[in-house]
Amino acid sequence: MACTTNTFSLSLSSKLNTNFSSDSNPKLNKHLFVTLRASGSGELNLGRLVLSRPGQLSRRVCANATQVMDQSVGEKSSAAPTIVDVDLGNRSYPIYIGSGLLDQHELLQKHVHGKKILVVTNTTIAPLYLDKVVDALTRGNPNVSVENVILPEGEKYKNMETLMKVFDKAIESRLDRRCTFVALGGGVIGDMCGFAAASFLRGVNFIQIPTTVMAQVDSSVGGKTGINHPLGKNLIGAFYQPQCVLVDTDTLDTLPDRELASGLAEVIKYGLIRDAEFFEWQEKNMEKLMARDPDALAYAIKRSCENKAEVVSLDEKESGLRATLNLGHTFGHAIETGLGYGEWLHGEAVAAGTVMAVDMSYRLGWIDSSIVKRVNDILVRAKLPTAPPETLTMEMFKSVMAVDKKVADGLLRLILLKGPLGNCVFTGEYDRKALDDTLAAFCKS
Amino acid sequence: MACTTNAFSPSLSSNLNTNFSSDSNPKLNKHLYVTLRGSGPGSGSGELNLGRLVLSRPGQLSRRVCANATQVMDQSVGERSSAAPTIVEVDLGNRSYPIYIGSGLLDQHELLQKHVHGKKVLVVTNTTIAPLYLDKVVDALTRGNPNVSVENVILPDGEKYKNMETLMKVFDKAIESRLDRRCTFVALGGGVIGDMCGFAAASFLRGVNFIQIPTTVMAQVDSSVGGKTGINHPLGKNLIGAFYQPQCVLVDTDTLDTLPDRELASGLAEVIKYGLIRDAEFFEWQEENMEKLMARDPDALAYAIKRSCENKAEVVSLDEKESGLRATLNLGHTFGHAIETGLGYGEWLHGEAVAAGTVMAVDMSYRLGWIDSSIVKRVNDILMRAKLPTAPPESLTMEMFKSVMAVDKKVADGLLRLILLKGPLGNCVFTGEYDRKALDDTLAAFCKS
Numbered sequence: 001m002a003c004t005t006n007t008f009s010l011s012l013s014s015k016l017n018t019n020f021s022s023d024s025n026p027k028l029n030k031h032l033f034v035t036l037r038a039s040g041s042g043e044l045n046l047g048r049l050v051l052s053r054p055g056q057l058s059r060r061v062c063a064n065a066t067q068v069m070d071q072s073v074g075e076k077s078s079a080a081p082t083i084v085d086v087d088l089g090n091r092s093y094p095i096y097i098g099s100g101l102l103d104q105h106e107l108l109q110k111h112v113h114g115k116k117i118l119v120v121t122n123t124t125i126a127p128l129y130l131d132k133v134v135d136a137l138t139r140g141n142p143n144v145s146v147e148n149v150i151l152p153e154g155e156k157y158k159n160m161e162t163l164m165k166v167f168d169k170a171i172e173s174r175l176d177r178r179c180t181f182v183a184l185g186g187g188v189i190g191d192m193c194g195f196a197a198a199s200f201l202r203g204v205n206f207i208q209i210p211t212t213v214m215a216q217v218d219s220s221v222g223g224k225t226g227i228n229h230p231l232g233k234n235l236i237g238a239f240y241q242p243q244c245v246l247v248d249t250d251t252l253d254t255l256p257d258r259e260l261a262s263g264l265a266e267v268i269k270y271g272l273i274r275d276a277e278f279f280e281w282q283e284k285n286m287e288k289l290m291a292r293d294p295d296a297l298a299y300a301i302k303r304s305c306e307n308k309a310e311v312v313s314l315d316e317k318e319s320g321l322r323a324t325l326n327l328g329h330t331f332g333h334a335i336e337t338g339l340g341y342g343e344w345l346h347g348e349a350v351a352a353g354t355v356m357a358v359d360m361s362y363r364l365g366w367i368d369s370s371i372v373k374r375v376n377d378i379l380v381r382a383k384l385p386t387a388p389p390e391t392l393t394m395e396m397f398k399s400v401m402a403v404d405k406k407v408a409d410g411l412l413r414l415i416l417l418k419g420p421l422g423n424c425v426f427t428g429e430y431d432r433k434a435l436d437d438t439l440a441a442f443c444k445s
Numbered sequence: 001m002a003c004t005t006n007a008f009s010p011s012l013s014s015n016l017n018t019n020f021s022s023d024s025n026p027k028l029n030k031h032l033y034v035t036l037r038g039s040g041p042g043s044g045s046g047e048l049n050l051g052r053l054v055l056s057r058p059g060q061l062s063r064r065v066c067a068n069a070t071q072v073m074d075q076s077v078g079e080r081s082s083a084a085p086t087i088v089e090v091d092l093g094n095r096s097y098p099i100y101i102g103s104g105l106l107d108q109h110e111l112l113q114k115h116v117h118g119k120k121v122l123v124v125t126n127t128t129i130a131p132l133y134l135d136k137v138v139d140a141l142t143r144g145n146p147n148v149s150v151e152n153v154i155l156p157d158g159e160k161y162k163n164m165e166t167l168m169k170v171f172d173k174a175i176e177s178r179l180d181r182r183c184t185f186v187a188l189g190g191g192v193i194g195d196m197c198g199f200a201a202a203s204f205l206r207g208v209n210f211i212q213i214p215t216t217v218m219a220q221v222d223s224s225v226g227g228k229t230g231i232n233h234p235l236g237k238n239l240i241g242a243f244y245q246p247q248c249v250l251v252d253t254d255t256l257d258t259l260p261d262r263e264l265a266s267g268l269a270e271v272i273k274y275g276l277i278r279d280a281e282f283f284e285w286q287e288e289n290m291e292k293l294m295a296r297d298p299d300a301l302a303y304a305i306k307r308s309c310e311n312k313a314e315v316v317s318l319d320e321k322e323s324g325l326r327a328t329l330n331l332g333h334t335f336g337h338a339i340e341t342g343l344g345y346g347e348w349l350h351g352e353a354v355a356a357g358t359v360m361a362v363d364m365s366y367r368l369g370w371i372d373s374s375i376v377k378r379v380n381d382i383l384m385r386a387k388l389p390t391a392p393p394e395s396l397t398m399e400m401f402k403s404v405m406a407v408d409k410k411v412a413d414g415l416l417r418l419i420l421l422k423g424p425l426g427n428c429v430f431t432g433e434y435d436r437k438a439l440d441d442t443l444a445a446f447c448k449s
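Residue numbers (the UniProt record's numbering), protein chains in the order written: chain A, 1 to 445; chain B, 1 to 449.
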């Protein structure tokens with residue numbers, strides 16, 4: 001059943017693009033009007049978006065709010081955080097974004113309600129940030145004690161065997177229902193820690209501290225948690241929201257280039273499914289992003305989180321709109337599963353999957369060739385793949401796609417682009433020949 | 001922090017007891033007024049009216065009984081003229097669901113089919129139940145329903161298999177069968193199957209629908225209702241799981257025909273529990289009818305199941321995620337889970353451990369001066385008549401009790417909270433404020449070392 005979601009494309013005034021594409025002006029502070037156009041009557045006013053930079057007062061940006069609140073934060077005079085709210089009624093939570101936030105211990109401590117904490121991290125991140133996080137949790141806070149569990153790093157460990165280590169540690173440490181789990185790492189850690197928190201004693205609080213672009217722009221927000229099964233990605237898990245998300249952009253200083261690019265695949269995705277102006281901004285600023293320009297990165301993270309927060313608050317459990325965040329992921333997950341988890345990073349697979357989805361959309365006559373070109377160009381500039389690995393056969397694609405979570409009563413539904421850039425649909429109503437042609441075009445066999 | 005819950009004991013008019021204790025009169029059909037008296041803050045004035053409870057027997061029109069409803073609706077069911085089900089509603093707003101109770105319900109396929117919304121079903125059962133009831137359930141799901149196909153996964157039977165390794169078999173089967181988000185899982189078995197299937201349904205693709213078909217007294221009176229799902233960890237019971245409600249619960253009392261005596265008695269421990277924590281008249285009825293229950297008198301069993309479900313449904317709808325009241329359903333379970341874990345899962349049945357745990361909780365309540373000795377005697381007597389243990393196994397030491405109890409889910413920020421009896425029979429409290437000496441004395445009294 002087709003469910004057009006191009007009605008939910010976010011549009012921003014063009015001033016935004018002009019300002020950023022010129023040589024950066026650190027004093028710049030523009031107010032922008034953001035509207036959500038629904039295809040029925042009228043417009044849904046989302047309030048103002050304000051460019052936020054270190055040194056300025058932070059602005060609380062709520063995806064569903066109608067006003068911006070000033071907020072000065074705590075004792076540190078540097079880098080007051082930008083705050084993006086995920087609006088889920090009484091389960092709403094903030095995403096804090098900024099440089100040096102892990103030094104602002106009151107931010108974290110505010111969201112810890114019990115006496116015991118379990119930090120879940122991996123062998124790469126622990127030596128870099130574990131001490132800092134423990135310090136942030138315990139500084140001036142003598143009632144709180146912190147345990148930690150350090151998991152092996154990588155997608156191939158995102159499974160039940162590894163998850164059990166989290167439960168083992170929590171139980172041996174005698175954590176109870178008032179404890180808090182803290183996910184310190186990338187998407188794999190965030191997903192596993194979140195699912196562990198959902199299931200430990202039938203549910204305990206948790207906090208996300210994402211340390212990769214992928215996690216900061218996407219996976220740490222929205223409540224999708226879980227692990228992989230050998231036959232498919234994320235087939236076991238829970239929808240379970242965190243108490244807050246803390247994005248300390250300084251953690252990207254230690255992120256390798258390959259991981260950085262992987263995360264940009266999701267940033268590009270937001271532009272394609274719902275935010276044409278964001279895409280245009282990315283086209284103008286991709287080299288800055290790849291060069292890790294702090295302002296460009298901070299803006300890309302913030303804008304991504306705003307898009308994600310909006311979608312999640314409108315459709316938390318994915319009855320429709322939320323599925324659009326899966327552009328490129330049906331093909332992408334097939335690549336990850338077919339190759340073996342961890343061979344390609346998630347974002348790399350999503351990039352190749354996006355190219356395939358775009359190709360299929362073009363074959364269906366739903367988009368014109370200029371979009372195909374722009375997608376390919378921007379992915380090349382981000383040093384991301386624009387085709388699946390040669391070892392993936394049509395058969396492998398089909399068998400993995402058959403267990404994708406977007407299949408409903410046997411019908412495979414996909415996110416495809418339709419219309420001008422920034423518009424997509426989530427549908428099972430497409431000519432199957434186009435899917436076969438796309439697979440044949442991209443697969444050697 | 002003490003949280004008194006004796007305020008929440010419902011009381012039924014005494015007509016109920018009188019009628020049942022006499023020689024059974026099959027034509028009997030009394031209407032009873034049930035009230036929930038609140039005495040805590042915010043409940044100062046008045047009473048919360050729960051509506052009418054009606055005795056229902058096979059052959060009569062069923063009555064829909066809602067724990068929070070204010071009227072009783074007549075309901076005649078489908079094509080079968082036999083055994084229209086009693087229906088107890090679990091009121092959770094738009095997640096409410098019915099518990100169907102009656103004889104031969106598995107022959108009434110429309111009952112089940114009504115709650116299956118997709119095209120694929122996965123029945124989760126075990127090696128004992130599969131040969132007895134799997135075909136019947138598959139038939140109920142597919143009779144006159146060509147669009148639905150049914151897979152099944154048969155797990156080994158018993159508490160010691162209630163773990164992650166066994167759970168993975170359910171996921172494996174579901175994925176290999178290419179089940180999607182619109183599928184339905186069906187739990188066909190006792191508490192172990194119900195808990196595992198429920199947690200699998202909660203976690204498969206981040207959540208799919210499921211249905212409970214309990215086949216033991218334990219599951220029919222307690223575990224299939226209310227949404228607590230999960231598995232054990234080696235260090236403790238039910239430490240991994242989810243609150244996840246079913247689409248419906250189907251209690252076909254005929255399934256008890258194949259239930260061994262030991263399992264039957266185990267389930268009665270929970271029936272006895274309801275009386276002690278909140279339903280004194282139900283306890284008195286049990287005292288008058290225990291031999292009937294042990295002899296599997298159909299009317300007595302049906303009534304015990306219905307009354308238990310009504311109590312459970314009420315508590316769950318008031319406190320689904322256990323912020324207070326729901327914990328009272330754990331009377332005897334803190335000690336009981338320690339017994340199960342200390343012995344090794346499966347050595348004692350859950351209800352046997354709960355029975356011994358109840359005796360220990362009652363003993364501690366008496367030591368605290370919160371109940372008088374008549375209650376202690378009545379509890380011991382009724383458990384003996386149910387052929388349930390009244391003391392823990394000799395191999396359980398004080399140390400084992402303490403270390404397992406330390407990871408009980410009712411511990412909050414290090415404080416162990418227990419359900420203890422307080423006042424007249426039918427009243428209890430959930431509290432961490434008790435003299436620790438009483439706990440030590442109870443443990444010393446019951447443990448050899």
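We treat Cβ as the ideally placed atom computed from N, Cα and C, and that holds for glycine.
Where DSSP assigns a beta bridge to G241 (chain B), which residues make up the other side? B:G230
Roughly how many whole angstroms lie between the Cα atoms of D413 (chain B) and L201 (chain A)? 14 Å
Taking the CB atoms as reference points, tell me whether T358 (chain B) and V379 (chain B) lie closer together than 9 Å. yes
So which residues of chain A does L439 (chain B) contact, with C-beta pairs closer than 9 Å? Simply none; closest approach about 17 Å.
List, in order along the chain, the chain A residues whose C-beta lies closer than 8 Å to that of H333 (chain B)? None at all; the shortest Cβ gap to chain A is about 14 Å.
Thinking C-beta only, is P152 (chain A) closer than 9 Å to T123 (chain A)? yes
Can you tell me whether P131 (chain B) is buried or exposed, with buried defined as 16 or more other CB within 10 angstroms of its CB? exposed
Distance, D377 (chain A) Cα to A323 (chain A) Cα: 25 Å
Contact criterion: CB-CB distance below 9 Å. Does V411 (chain B) meet it with respect to chain A? yes
Own chain partners of G344 (chain B) with C-beta closer than 8 Å, once the 5 adjacent residues on each side are dropped: K160
Determine the closest residue to V411 (chain B) out of A:K165, A:I171 and A:L107, with distance taken between C-alpha atoms. A:I171
Give me the Cα-Cα distance between S361 (chain A) and T162 (chain A), rounded to the nearest whole angstrom. 39 Å
Interface residues of chain A facing M164 (chain B) [CB-CB closer than 8 Å]: M160 and M164
What are the residues of the stretch 321-350 of chain A that lie near chain B, defined by any Cβ-Cβ distance shorter than 9 Å? none
What separation, rounded to the nearest whole angstrom, lies between the Cα atoms of C309 (chain B) and Q220 (chain B)? 8 Å
Just curious, the beta strand (DSSP E) that Y100 (chain B) is in, first and last residue? Y97 to G102
Every unbroken alpha helix (DSSP H) inside the UniProt domain "3-dehydroquinate synthase C-terminal" (263-407) of chain A [4 residues or more]: 276-290, 294-314, 329-339, 346-363, 369-381 and 394-401
Where does G140 (chain A) land, buried or exposed, given buried means 16+ other C-beta within 10 angstroms? exposed
Terminal residues of the continuous beta strand (DSSP E) containing Y93 (chain A)? Y93 to G98
So that I know if they touch, is there some Cβ in chain B lying closer than 9 Å to that of T225 (chain A)? yes
Taking CB distances under 9 Å as the criterion, tell me whether V407 (chain A) reaches chain B. yes
In chain A, which residues lie with their C-beta within 8 Å of the C-beta of A201 (chain B)? None at all; the shortest Cβ gap to chain A is about 11 Å.
According to DSSP, simplified to helix, strand and coil, what is S149 (chain B)? strand
Just to check my reading of the structure: P393 (chain B) and I339 (chain B) have Cβ atoms closer than 8 Å, yes? What is that Cβ distance to the nearest angstrom? 7 Å
Identity of the residue in B:E263, B:S317 and B:D91 nearest K387 (chain B) by Cα: B:E263
Distance, Cα to Cα, L443 (chain B) vs S304 (chain A)? 57 Å
Suppose you measure from the CA of D381 (chain B) to the CA of I95 (chain A); what does that come to, to the nearest Å? 59 Å
CA-CA distance, E259 (chain A) and T212 (chain A)? 7 Å
DSSP-derived helix/strand/coil call for K123 (chain A): The identity of residue 123 (chain A) in the sequence shown is Thr, whereas the question assumes Lys. Coil at T123 (chain A), not helix or strand.
What are the partner residues of Q212 (chain B), as DSSP defines its beta bridges? B:A187 and B:V249
Start and end residues, alpha helix (DSSP H) containing I189 (chain A): G187 to S199
At a Cβ threshold of 9 Å, is I236 (chain A) touching chain B? yes
What's the gap between the Cα of S403 (chain B) and the Cα of K115 (chain A)? 20 Å
Where does K433 (chain A) sit, in a helix, a strand or coil, going by DSSP? helix
Spell out whether any CB of chain B is found under 9 Å from the CB atom of H229 (chain A). yes
Taking C-beta pairs closer than 7 Å, name the residues in chain B that F397 (chain A) reaches, listed in chain order. Those do not exist, as F397 (chain A) stays about 15 Å from chain B at its closest Cβ, beyond 7 Å.
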